[in-house]
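First the structure, in the form of structure tokens, and then the observations on it.
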Amino acid sequence: MDMKKNIILFALFFVGVLTGYCQQSAYLFVYFTGNRMSEEAVRMAVSLDGYNYKALNGNQPVLDSRVISSTGGVRDPHILRCEDGKTFYMVVTDMVSGNGWSSNRAMVLLKSKDLVHWTSNIVNIQKKYPDQENLKRVWAPQTIYDKQAGKYMIYWSMQHGNGPDIIYYAYANKDFTDIEGEPKPLFLPKNEKSCIDGDIVYKDGLYHLFYKTEGNGNGIKKATTSSLTSGQWTESDDYKQQTKDAVEGAGIFPLIGSDKYILMYDVYMKGKYQFTESADLEHFKVIDHAISMDFHPRHGTVIPITQKELQRLFKAYGKPEGF
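Each residue of the sequence shown is one higher than the one before, counting from 4 in this note's numbering.
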């Protein structure tokens with residue numbers, strides 16, 4: 004009887020340890036660092052609380068941009084945990100800024116099972132689709148699971164000729180190696196002014212799109228919809244950034260075990276990042292006093308990860324000093 008009881012207690016203890024090991028308890032930040040070619044590469048950092056981050060791999064790239072891209076540089080990395088809980092999709096802008104801000108036509112789709120080993124595929128919009136001769140740029144792709152379509156949607160901004168930057172979308176194929184069908188407009192503000200750097204989060208039955216207005220009162224605004232492809236968006240009038248300085252590259256993520264979200268963005272003219280916090284995705288307060296980073300990121304994204312995934316990253320890139 005005692006033996007049976009001990010076995011049960013040990014089993015319960017083991018399950019508890021395993022559950023804790025597999026629960027999300029840390030954060031992964033993917034980012035790039037600047038406009039030099041050596042800085043246009045995917046880097047990673049980690050945090051235990053979502054506020055204090057340490058760079059992995061000595062703040063050196065974890066992927067070789069020359070291998071995964073057509074231009075030799077990548078920017079604006081966005082990472083997503085898939086619905087299966089164990090696969091990760093990452094998309095990046097295929098671009099070297101030194102070639103000009105209207106020089107790129109492609110994005111890169113990446114896939115991983117362990118956050119360390121990645122497969123990659125280049126999607127060149129101009130080469131893939133007809134009537135794209137006046138395409139000027141393909142910027143800041145991101146991925147979200149469209150619950151109604153049951154597919155992964157990739158969305159990004161494009162500019163054609165002298166027209167505005169518009170956020171387009173297309174669905175990824177099942178292997179996440181390409182996009183299917185022709186790109187369609189996802190969002191353009193009612194004033195028909197340019198919008199870039201879209202980031203969508205799903206909360207309480209609504210998709211919340213944070214985007215940067217461009218060329219008309221630059222800043223971060225928000226629009227919501229209950230259906231991603233309906234074309235029916237409700238736009239907020241106010242700007243969500245909490246600074247008067249120029250900003251771009253908004254990224255929003257939930258805090259583990261909390262009803263709060265962090266909206267972060269690149270204060271690019273000042274060479275810094277600002278973090279803000281909200282429980283309703285409407286009202287944000289600055290929390291810069293609570294933030295620390297031993298690196299200087301540009302446009303990037305943060306996702307929660309498990310202790311097991313964190314240890315795997317440490318094994319691949321080393322544990323940061325002081326972590």
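No residue lacks a Cβ here, since even glycine has one placed at the ideal position from N, Cα and C.
*Where does K89 fall in DSSP's three states?*
coil
**OP:** Return the residue from the list G274, Q162, G252, P192 that minimises the CA-CA distance to E238.
**Re:** P192
Report the three-state DSSP secondary structure of G166 (helix, strand or coil). coil
For the beta strand (DSSP E) that Y30 lies in, which residues bound it at each end? 27-34
Under 8 Å, do T279 and L266 count as touching if we go by C-beta distance?
-> yes
Assigned secondary structure, N55 (DSSP; H/G/I helix, E/B strand, else coil)
strand
(Q) What would DSSP say about F13, mapped onto helix, strand or coil? (A) At F13 the pLDDT is 49, less than 50, meaning the model places this residue with poor confidence and gives no usable figure here.
task = Check whether the region 86-105 touches the region 224-242, taking contact to mean three or more Cβ pairs, one atom from each stretch, closer than 8 Å.
result = no
Under 8 Å between C-beta atoms of D117 and T96: no
Notebook entry, point to check: What residue from R140, I259, D291, A319 has the CA that sits closest to I330's CA?
Noted result: As displayed, the chain neither begins before 4 nor continues past 326, which places residue 330 out of reach and without an answer.
As assigned by DSSP and simplified to three states, the class of I290: coil
Unbroken alpha helix (DSSP H) run spanning R69, endpoints:
68-71
Identity of the residue in F256, I203, P133, L59 nearest Q314 by Cα: L59
Quiz prompt | Span separating the alpha-carbon of I199 from that of L189 | solution = 12 Å
Cross-strand partners of Q277 (DSSP beta bridge): Y268
**Prompt:** Which stretch, first to last residue, makes up the beta strand (DSSP E) that contains R315?
**Reply:** Unbroken run through R315 is the alpha helix (DSSP H), 310-320; no beta strand (DSSP E).
*Continuous alpha helix (DSSP H) stretch holding I182: start and end*: No alpha helix (DSSP H) contains I182, which is instead part of the beta strand (DSSP E) from 182-190.
Notebook entry, point to check: Does the distance from the C-beta atom of Y92 to that of Y171 stay below 8 Å?
Noted result: no
| Mapping DSSP to helix, strand and coil, what is G101? | helix
Kindly indicate which residue of D52, C25, G37, N38 has the alpha-carbon position closest to the one of Y264.
D52
Which value, in whole angstroms, describes the spacing of the CA atoms of L212 and D67? 31 Å
Could you round the C-beta distance between V141 and R108 to whole angstroms and report it? I think they count as a contact, below 8 Å.
6 Å
Proximity to S28 [Cα-Cα], best of Q310, K196, P323
Q310
For D168, tell me which candidate among I203, E324, Y214, L113 has the shortest Cα-Cα distance.
Y214
Supposed close pair G303, G254 - CB separation, criterion 8 Å: 6 Å
Of all the options Q151, H299, P257, which has the alpha carbon lying nearest to the alpha carbon of L284?
P257
With distances taken from CA atoms, which of T90, I290, P64 is nearest S177?
For the sequence presented, residue 177 should be read as Lys rather than Ser. Ranking T90, I290, P64 by Cα distance to K177 puts T90 first.
| According to the Cβ coordinates, are S100 and N194 closer than 8 Å? | no
query = With 16 as the cutoff for other CB atoms within 10 Å, does M272 come out buried or exposed?
reply = exposed
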